[in-house]
Structures are given as structure tokens and as C-alpha cells.
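Q: Under this note's numbering, residues 423 to 499 are what the sequence shown spells out, in order. Virtual Cβ for every residue (Gly too), placed ideally from N, Cα, C. Just so you know, these numbers come straight off a predicted model, no measurement behind them.
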Amino acid sequence: MEYSFDFNFSGNPSTHKCEQKVEGDWVIFTCPICKDYERRINLKSREVVVSGAEGNPHQHRGSFIKPGLDNLQCNLN
Ligand SMILES: [Zn+2]
Numbered sequence: 423m424e425y426s427f428d429f430n431f432s433g434n435p436s437t438h439k440c441e442q443k444v445e446g447d448w449v450i451f452t453c454p455i456c457k458d459y460e461r462r463i464n465l466k467s468r469e470v471v472v473s474g475a476e477g478n479p480h481q482h483r484g485s486f487i488k489p490g491l492d493n494l495q496c497n498l499n
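1. Which residues in the same chain as Thr452 place their Cβ atom closer than 7 angstroms to its Cβ, once the five residues preceding and following it in sequence are excluded?
2. By Cβ distance below 7 angstroms, which residues in the same chain neighbour Gly474 in space, the five residues on each side in sequence not counted?
3. Going by beta carbon distance, what residues of the same chain come within less than 7 angstroms of Ile450, once the five residues before and after it are set aside?
4. Applying the criterion that 16 or more other CB atoms from any shown protein chain within 10 Å of the CB defines a buried residue, is His482 buried or exposed?
5. Could you work out which residue in His480, Glu476, His438, Trp448 is closest to Pro454 when comparing CA atoms only?
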């Protein structure tokens, strides 16, 4: 399974590459620059929970690949 996101904020050219980790059914993306930024995605329900993004002017990008499953790509705005 591949999951990637491209989180756009218009007018700002900076992009932060997120780090990811897995906890159970959740993939958790964190930004090494923005310490309070966190985006978690449930691999089963596709539920997305974002914290620390409010007031954050930067674009965040991340991807998650789980081998052995069908490829999946999602883009979220
Ligand atoms: Zn950031």
C-alpha cells in the first residue's frame, strides 16, 4: 500500500518533508521542523486527523509505502 499526501497552502513555496511511523492501523506523519505538526491516517477507515496545522504556513509532504498490498495513492487538500 502506498499513501502519499501533498498538503498545499497557497502562496507559500516552502515544503517540509514529513517523517512517518506506524502505530497499529495508524500512520503518523510528523514534521521535523514544526514540532507540533502531526497528521495521522487510519489505514483501514482512511480517517485523517491533523493537529498543529492551524496557523502553520508551510506545505507538508509525506508518503507511506506498505509492501505486499495494492498500490494506493491519495491526495488531500
Ligand atoms: Zn513543517
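A: So, from the listed chains and residues:
1. The residue labelled residue 452 in the question sits at position 30 within the sequence shown. Taken in chain order, the residues that qualify are Cys440, Glu441, Tyr459, Glu460.
2. Reading the sequence shown from its first residue, position 52 is the one you call residue 474. Cys456, Asp458, Tyr459, Glu460.
3. Taking the sequence shown and counting its residues from 1, the one referred to as residue 450 is at position 28. Gln442, Lys443, Glu460, Arg462.
4. Here residue 482 corresponds to residue number 60 of the sequence shown, with the count starting at 1. Classification for His482: buried.
5. To locate residue 454, count along the sequence shown from 1; it is residue 32. Checked all of His480, Glu476, His438, Trp448; the closest Cα to Pro454 is His438.
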